[in-house]
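Notes for the one structure printed next.
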Amino acid sequence: MDSEDRGQVEELRFKAIVPPITRGESSFAPTISRLELPDALRGLAVLLMLVFHSAYDLNHFNFLSLDLLHSTFWPAFQKVIVTLFVGVAGISLALAARRGLNKPRFWRREALLLVSAGLVSAGSYWLFPTSWIFFGVLHFMALASVLALPFLRLGGWNIVLGSVAVLLPWWIHEPLFNAAGLQWVGLGTAIANTKDYTPFLPWFGVMLFGVYIGNKFERCSWCVHPLPRWRGLAEIMWLGKHSLVVYLAHQPLLMAFFWLVATFTGVAEK
């Protein structure tokens, strides 16, 4: 890999679900001072999330009749979205720590994640008090990013340990983990009644897979080069760069929009 590629990797910082926002950025055009592939993958996750939540809202307001919980497609579609988010978070964390983690920056990101997760919990409790979000994707990101730090230098062991973490929920089912304070672990026998559930297991395994890939990223020449300027790709990368803002804002805006449409068209809410 040439010196320009290494310079791009050195400039990459921790950009899991909370990538930095460049001050004065007024267009969709990607910058060359950061790796573009993680932005594109994260942006794809955001785009798919918008599709999924639009379908959820259309179903909620009775525009469509979808079985989002028990069908084959929609639960699998949701898992693809979370896999992208969590996997890219692991990749970005490994890249950021490649030549020493910027600890002040890392903990600022953690604080932002915790505040954002708290806002999600508070807002969901206000709207859905019986199925509020107590451990969604932001809660998971905040916890897993910290717990993944000791794994950054384990190399191939992250594949082994990640596989164990992914498979543990298939092997262990204990009523103990049905307790409200332990449902976040992911080893219970009951399905959590919540609007967004990203349990620590198996998803920490996906994070470790991402860490392994991130540690190998420099060896992939096309991974560190700018992406082709395909139509729509710049917009997807923009979503990836601003994923936290979009994540926090999109559902309230979608819900408000579909509620207005349902109100003015006379469609009854479920």
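Quick note on our numbering: the sequence shown kicks off at 574 and runs consecutively. Every residue, glycine too, gets a C-beta built ideally from N, C-alpha and C.
Query raised in the report: Touch check for the segment 750–758 and the segment 681–698: three-plus C-beta pairs under 8 Å?
Result: no
Query raised in the report: Touching or not, the segment 626–639 and the segment 817–828, by the rule of three or more beta carbon pairs under 8 Å?
Result: yes
Query raised in the report: Would a C-beta distance cut-off of 8 Å place F679 and A717 closer than the cut-off?
Result: Taking the first residue of the sequence shown as 1, we reach residue 679 at position 106. Taking the first residue of the sequence shown as 1, we reach residue 717 at position 144. It is not a contact, given that the beta carbons lie outside the stated cut-off.
Report task. Would you identify the three-state DSSP class for P825, choosing helix, strand or coil? Result -> Here the question's residue 825 lines up with position 252 in the sequence shown. It is helical.
Query raised in the report: What's the gap between the Cα of N635 and the Cα of V840?
Result: One-based indexing of the sequence shown puts residue 635 at position 62. One-based indexing of the sequence shown puts residue 840 at position 267. Distance between the alpha carbons of N635 and V840: 7 Å.
Query raised in the report: Is it right to say A684 is buried, meaning 16 or more other beta carbons lie within 10 angstroms of its own, or is it exposed?
Result: Stepping through the sequence shown from its first residue, residue 684 is reached at position 111. A684 should be labelled exposed.
Requested in this report: Tell me, to the nearest whole angstrom, how far the beta carbon of L774 is from that of A738; I am working on the premise that it is less than 8 Å.
Outcome: Residue numbering aside, residue 774 sits at position 201 when the sequence shown is read from its first letter. Residue numbering aside, residue 738 sits at position 165 when the sequence shown is read from its first letter. Confirmed, about 6 Å.
Report task. Answer yes if the segment 783–797 comes into contact with the segment 730–747, meaning at least three C-beta pairs across the two stretches below 8 Å, and no otherwise. Result -> yes
Report task. Express the C-alpha separation of W744 and T595 in angstroms, rounding to a whole number. Result -> Indexing the sequence shown from 1 puts residue 595 at position 22. Indexing the sequence shown from 1 puts residue 744 at position 171. Low local confidence applies: a pLDDT of 39 at T595 is under 50, so the model's placement there is unreliable, with the coordinate-based value given in what follows. Near 45 Å, if we compare the C-alpha coordinates of W744 and T595.
Report task. Provide the residue span of the alpha helix (DSSP H) that contains T656, from first to last. Result -> By 1-based counting over the sequence shown, the position of residue 656 is 83. F646 to A669 is the extent of the alpha helix (DSSP H) around T656.
Query raised in the report: Can you name the residues that DSSP bridges to Y770?
Result: In the sequence shown, counting from the first residue as 1, residue 770 sits at position 197. Answer is F708.
Query - Pairwise C-alpha distance: G761 and L749 - result: For the purposes of this step, residue 749 is identified with residue 176 of the sequence shown, where counting begins at 1. For the purposes of this step, residue 761 is identified with residue 188 of the sequence shown, where counting begins at 1. Between L749 and G761, the C-alpha separation is close to 7 Å.
Report task. For P648, collect the residues of the same chain with a Cβ closer than 8 Å to its Cβ; drop the 5 residues on either side in sequence, then sort them by chain order. Result -> Position 75 of the sequence shown holds residue 648. L641 and L642, listed in sequence order.
Requested in this report: Using 10 angstroms around the beta-carbon of S638, count the other beta-carbons present and answer buried if the total reaches 16, otherwise exposed.
Outcome: As a position in the sequence shown, residue 638 is number 65, starting the count at 1. By the neighbour-count rule (16 or more Cβ atoms within 10 Å), S638 is not buried but exposed.
Query raised in the report: For R763, which residues from the same chain have a beta carbon less than 6 Å from its beta carbon, with the 5 sequence-adjacent residues on both sides left out?
Result: The residue you call residue 763 lines up with position 190 of the sequence shown. First, the amino acid is wrong: residue 763 is Ala here, not Arg. Same-chain partners within the cutoff: N751.
Query raised in the report: What are the complete alpha helix (DSSP H) segments, minimum 4 residues, inside the segment 790–841?
Result: 794–797, 806–814 and 816–838
Query raised in the report: Whole-angstrom Cβ separation of L610 and C796, contact assumed at under 8 Å?
Result: Your numbering for residue 610 matches position 37 in the sequence shown. Your numbering for residue 796 matches position 223 in the sequence shown. At roughly 5 Å, the Cβ-Cβ gap stays under 8 Å, so L610 and C796 are in contact.
Report task. Measure the alpha-carbon distance for N731 versus Y698 and round it to whole angstroms. Result -> Residue mapping note: residue 731 aligns to position 158 of the sequence shown, counting from 1. Residue mapping note: residue 698 aligns to position 125 of the sequence shown, counting from 1. So the two alpha carbons sit approximately 36 Å from each other.
Report task. List in chain order: all unbroken alpha helix (DSSP H) runs of 4+ residues lying wholly within the segment 719–751. Result -> 730–744
Report task. Starting from the Cα of V693, find the closest Cα among L821, L833 and F837 and give me that residue. Result -> In the sequence shown, counting from the first residue as 1, residue 693 sits at position 120. It is L821.
Report task. Measure the C-alpha to C-alpha separation of H823 and M622 and round it to an integer number of angstroms. Result -> By one-based count along the sequence shown, residue 823 stands at place 250. By one-based count along the sequence shown, residue 622 stands at place 49. Rounded to whole angstroms, H823 to M622 spans 10 Å at the Cα level.
Requested in this report: May I have the straight-line CA-CA distance separating L845 from L806, to the nearest angstrom?
Outcome: No information on residue 845 is available, as it lies outside the stretch 574 to 843 that the chain covers here.
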